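Q: Mind looking over this structure? Questions follow.
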Amino acid sequence: MTYHLPRVAALSLALSLSLTSGAFASPLDGKLAQDGLGIEVGAIVQGGRSEFASNDAGLSPSSQGIVIRDRNGLSSRMVIGLLIAVAGAMAQVSPKSVESKSYVSGDYVVTETTTTYYSEAEKAQMREQTSKSIDGVFSTKFSDMELQLYSRDHFGVGESSGYKTNFYVGSGESIALESGFGFGVVDSIVDAGGTPTTVTYKYFGMPFRASVVAGPLRLALSYEWNWLKYGVPRADRLVHMDERGNAVVRTVSHPWHFDVSSIALGRVSLTAGVTAQQIRKTDYGYYLQAGVMF
Amino acid sequence: MKSALILVALTRIAFADEPVPAEPAPAPAPAPVPAPVPDATPEPIVVPPAPEPAPLPPPPVVPAPAPAPVSAPTTVTSHARSDDYYDRKRGIGMFHSSRLALGVLAGTEPNLMPGATPGVEGPKKDVVQGSLAFDGVFLGLPSSYGHFHGVEFSTGLRSEPIDFWAQFGTAVSLFNLGHGGAGSIRLGGSFGVGFNFAHEYAYIRGRAAAVIIPQLIDAELSAQWTPSSASSANYEERAIRISAWYRPGQGQRAFEAYVETIKRADAHADLHRELSAVGGGIGMTLF
Numbered sequence: 001m002t003y004h005l006p007r008v009a010a011l012s013l014a015l016s017l018s019l020t021s022g023a024f025a026s027p028l029d030g031k032l033a034q035d036g037l038g039i040e041v042g043a044i045v046q047g048g049r050s051e052f053a054s055n056d057a058g059l060s061p062s063s064q065g066i067v068i069r070d071r072n073g074l075s076s077r078m079v080i081g082l083l084i085a086v087a088g089a090m091a092q093v094s095p096k097s098v099e100s101k102s103y104v105s106g107d108y109v110v111t112e113t114t115t116t117y118y119s120e121a122e123k124a125q126m127r128e129q130t131s132k133s134i135d136g137v138f139s140t141k142f143s144d145m146e147l148q149l150y151s152r153d154h155f156g157v158g159e160s161s162g163y164k165t166n167f168y169v170g171s172g173e174s175i176a177l178e179s180g181f182g183f184g185v186v187d188s189i190v191d192a193g194g195t196p197t198t199v200t201y202k203y204f205g206m207p208f209r210a211s212v213v214a215g216p217l218r219l220a221l222s223y224e225w226n227w228l229k230y231g232v233p234r235a236d237r238l239v240h241m242d243e244r245g246n247a248v249v250r251t252v253s254h255p256w257h258f259d260v261s262s263i264a265l266g267r268v269s270l271t272a273g274v275t276a277q278q279i280r281k282t283d284y285g286y287y288l289q290a291g292v293m294f
Numbered sequence: 001m002k003s004a005l006i007l008v009a010l011t012r013i014a015f016a017d018e019p020v021p022a023e024p025a026p027a028p029a030p031a032p033v034p035a036p037v038p039d040a041t042p043e044p045i046v047v048p049p050a051p052e053p054a055p056l057p058p059p060p061v062v063p064a065p066a067p068a069p070v071s072a073p074t075t076v077t078s079h080a081r082s083d084d085y086y087d088r089k090r091g092i093g094m095f096h097s098s099r100l101a102l103g104v105l106a107g108t109e110p111n112l113m114p115g116a117t118p119g120v121e122g123p124k125k126d127v128v129q130g131s132l133a134f135d136g137v138f139l140g141l142p143s144s145y146g147h148f149h150g151v152e153f154s155t156g157l158r159s160e161p162i163d164f165w166a167q168f169g170t171a172v173s174l175f176n177l178g179h180g181g182a183g184s185i186r187l188g189g190s191f192g193v194g195f196n197f198a199h200e201y202a203y204i205r206g207r208a209a210a211v212i213i214p215q216l217i218d219a220e221l222s223a224q225w226t227p228s229s230a231s232s233a234n235y236e237e238r239a240i241r242i243s244a245w246y247r248p249g250q251g252q253r254a255f256e257a258y259v260e261t262i263k264r265a266d267a268h269a270d271l272h273r274e275l276s277a278v279g280g281g282i283g284m285t286l287f
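For the protein sequence lines, the chains are A and B, in the order given.
Residues 1 to 294 in the numbering used here are what the first sequence lists, from first letter to last.
Residues 1 to 287 in the numbering used here are what the second sequence lists, from first letter to last.
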């Protein structure tokens, strides 16, 4: 099943324009979706060539799960702040430089290694910079933590099981620019011509998102730079048998997402979006999300 | 218009607070004119001495500000105390921010030899564990939707086999009904990450608390779940606890009795850290 991004985008734009015309009072609030502080608990459905699908093998799992999202709250700020603190501490104790040189002395090859560590003044400066960075994370206008949980056993009737999470912080006025990090593992068991085939998605990388409020809607374009895409051999991206004799395939991509979201009736979060594993290909996936804001 | 009236009123009040301006000094009294003398022998005109200048008026007296009205002694009603005690920003039970608990668990675990390779489901052996736990929840951040967000953490030890856990997450109030009377309900939730000696994990938790006897006894049902997909070792972990708090005085201190059940299992194999146990204990709030 394929979905055409231009058509969906045009429909979204038309809906946005009709709702912003002021002809009637809209129950939707895009600004609240963008600027509001709240936690969403809801459900998510994904289909088509989502990031969990395999474009190479032509397998598109149906994924259903629950979603927990902390918009502009503390979760993402705390996690990213903790990472900065750990990175700052590691940087302080790590060597500033390591130099090695070898030379022949008689019958021996002598290697001298000079390791230089940061001075106390430099460490103090690094601690100050780390502290400022953490302060900056907690003072940014936007933050977002989204956790998607998929299960074949406990909820939903989908084919996927696993999780995916993204942590964002960002700033901006009319256009919000956010970035952070994310990770996840989702495996889907898809019927491939009568053979159950496990499609494995692994993600560890850096998401980027630009979003804007358009009347009652919030439009967001995001890109997930998946570092685990690199180094996966071609053979693993095609259906093959693992050591247990099961049909498996690995899916890798840097997916793009475009979604339209809003808060209905001041309480209900609604999101609809499309996913493209590759922006130049016409195989698209979709996702729908609905939840209650607290 | 209303704002203008208020502004005028405030302006007048501001003027009234200023010092009273001094009254202008009275004009000096004219020199007394001598009374006419009957026609008689003319007498020399006696010029009377110049009158003394009139005394200056006393310096203006700034009226002392009116003393602040003394409020009548107020009676603290039980309802007011109840509202003070029933604070939505306390995330454990109905009224508490932290708990320190001591308990015991009894159950079963896989009967595996130390160092043995995990295998298929097999016989179990009994296990008894002591536990010491400390939990805290702070909800201080109001959301855009009328709720409170905050942080929670939990840490503790279990004995035999020794286990240690620490977890940290985001907590939120989901629903509040009532103001501390019998039947007042609070629903809350949280999610976060943690680790113990079995695995690293993410979790979600739900809490439902209710007032049983106002200002005296409240109870909470708390359930935490880690799906196997959010476990680094493919464990699914469930923990359910029912707590009752007794508040002996009028302070924040309360004492707890609880029962709990914990199940940590891999669906496909016996692993060393699997556990299925039921237990209970006592605790107290710290702050």
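Just so it is clear, CB atoms sit at the ideal spot from N, CA and C, and this is done for glycine as well.
Keep in mind it's a predicted model, so treat the numbers as computed, not measured.
Give the range of the alpha helix (DSSP H) segment to which residue 290 of chain A is assigned.
A: Segment 284-293 is the beta strand (DSSP E) holding residue 290 of chain A; no alpha helix (DSSP H) there.
Q: Can you give me the C-alpha to C-alpha distance between residue 256 of chain B and residue 55 of chain A, rounded to a whole angstrom?
A: 56 Å
Q: Is there a Cβ of chain B sitting closer than 9 Å to that of residue 294 of chain A, yes or no?
A: Yes, residue 294 of chain A counts as interfacial toward chain B.
Q: Closer than 9 Å, CB to CB, is residue 78 of chain A near chain B or not?
A: Closer than 9 Å to some Cβ of chain B, the Cβ of residue 78 of chain A qualifies, so yes.
Q: Which residues does DSSP list as the beta-bridge partners of residue 109 of chain B?
A: B:125
Q: Does DSSP classify residue 251 of chain B as helix, strand or coil?
A: coil
Q: Return helix, strand or coil for residue 136 of chain B, following the three-state DSSP convention.
A: strand
Q: As an exercise, report each continuous beta strand (DSSP E) stretch of at least 3 residues that is fully enclosed by the region 204-234 of chain A, in chain order.
A: 217-226
Q: Given residue 254 of chain A, which residues of its chain have a CB within under 7 Å of its CB, disregarding the five upstream and five downstream residues?
A: 223, 224, 225, 226 and 229.
Q: For residue 33 of chain A, which residues in the same chain have their Cβ closer than 6 Å to its Cβ, ignoring the five residues on either side in sequence?
A: 218, 261, 262 and 263
Q: Are there 16 or more other CB atoms within 10 angstroms of the CB of residue 65 of chain A, so buried, or fewer, so exposed?
A: buried
Q: Using beta carbons (cut-off 9 Å, strictly below), is residue 241 of chain A in contact with chain B?
A: no
Q: Could you give the distance in angstroms between the alpha-carbon of residue 218 of chain B and the alpha-carbon of residue 107 of chain B?
A: Their backbone Cα atoms lie some 28 Å apart in a straight line.
Q: Is the shortest distance between the beta-carbon of residue 75 of chain A and the beta-carbons of chain B less than 9 Å?
A: yes
Q: Can you pull the chain B residues whose beta carbon is under 9 Å from the beta carbon of residue 163 of chain A, in chain order?
A: 202, 227, 229 and 230
Q: Below 9 Å between beta carbons: does that hold for residue 143 of chain B and residue 44 of chain A?
A: no
Q: Is there a Cβ of chain D sitting closer than 9 Å to that of residue 68 of chain A, yes or no?
A: Absent from the structure: chain D. Protein chains present are A and B.
Q: The beta strand (DSSP E) that contains residue 244 of chain A, what's its start and end?
A: From DSSP, residue 244 of chain A is part of no beta strand (DSSP E); its letter is neither H nor E.
Q: Do you know how far the Cα of residue 244 of chain A is from the Cα of residue 191 of chain A?
A: 18 Å
Q: Among A:83, A:137, A:291 and A:189, which has the Cα closest to the Cα of residue 251 of chain A?
A: A:189
Q: Of all Cβ atoms in chain A, is any one closer than 9 Å to the Cβ of residue 194 of chain B?
A: no
Q: Is it buried or exposed for residue 115 of chain A, if we count other Cβ within 10 angstroms and need 16 for buried?
A: That one is exposed.
Q: Between the C-alpha atoms of residue 81 of chain B and residue 180 of chain B, what's the straight-line distance to the nearest angstrom?
A: Only weak support exists for where residue 81 of chain B lies, its pLDDT of 47 falling under 50; the value from the coordinates is given anyway. About 9 Å.
Q: With 9 Å as the threshold, decide whether the Cβ of residue 205 of chain B is near any Cβ in chain A.
A: no
Q: Looking at residue 241 of chain B and residue 208 of chain B, is the spacing between their C-beta atoms short of 9 Å?
A: no
Q: Do you know how far the Cα of residue 129 of chain A is from the Cα of residue 117 of chain A?
A: 18 Å
Q: Could you confirm whether any beta carbon from chain B is found closer than 9 Å to the beta carbon of residue 50 of chain A?
A: Chain B contact via Cβ: absent.
Q: Can you find at least 3 beta carbon pairs, one from the region 193-204 of chain B and one from the region 227-234 of chain B, that sit closer than 8 Å?
A: yes
Q: With 9 Å set as the bound, which would you pick, yes or no: does the beta-carbon of residue 285 of chain B sit closer than that to a beta-carbon of chain A?
A: no
Q: Please list, in chain order, the residues of the region 122-156 of chain B that have any C-beta partner in chain A closer than 7 Å.
A: 141, 143, 144, 145, 147, 149 and 151
Q: Tell me, please, which residues DSSP counts as bridged to residue 286 of chain B.
A: In DSSP, residue 286 of chain B forms no bridge with anything.
Q: Judging by CA-CA distance, which residue of A:277, A:151 and A:285 is the nearest neighbour of residue 228 of chain B?
A: A:151
Q: If we ignore side chains and look at the alpha-carbon of each, how far apart do residue 99 of chain B and residue 154 of chain B end up?
A: 10 Å
Q: What are the boundary residues of the alpha helix (DSSP H) that includes residue 131 of chain A?
A: 120-139
Q: Which partner residues of residue 154 of chain A appear in the DSSP bridge assignment?
A: Per DSSP, none; premise fails for residue 154 of chain A.
Q: From the DSSP output, which residues share a beta bridge with residue 172 of chain B?
A: B:149 and B:189
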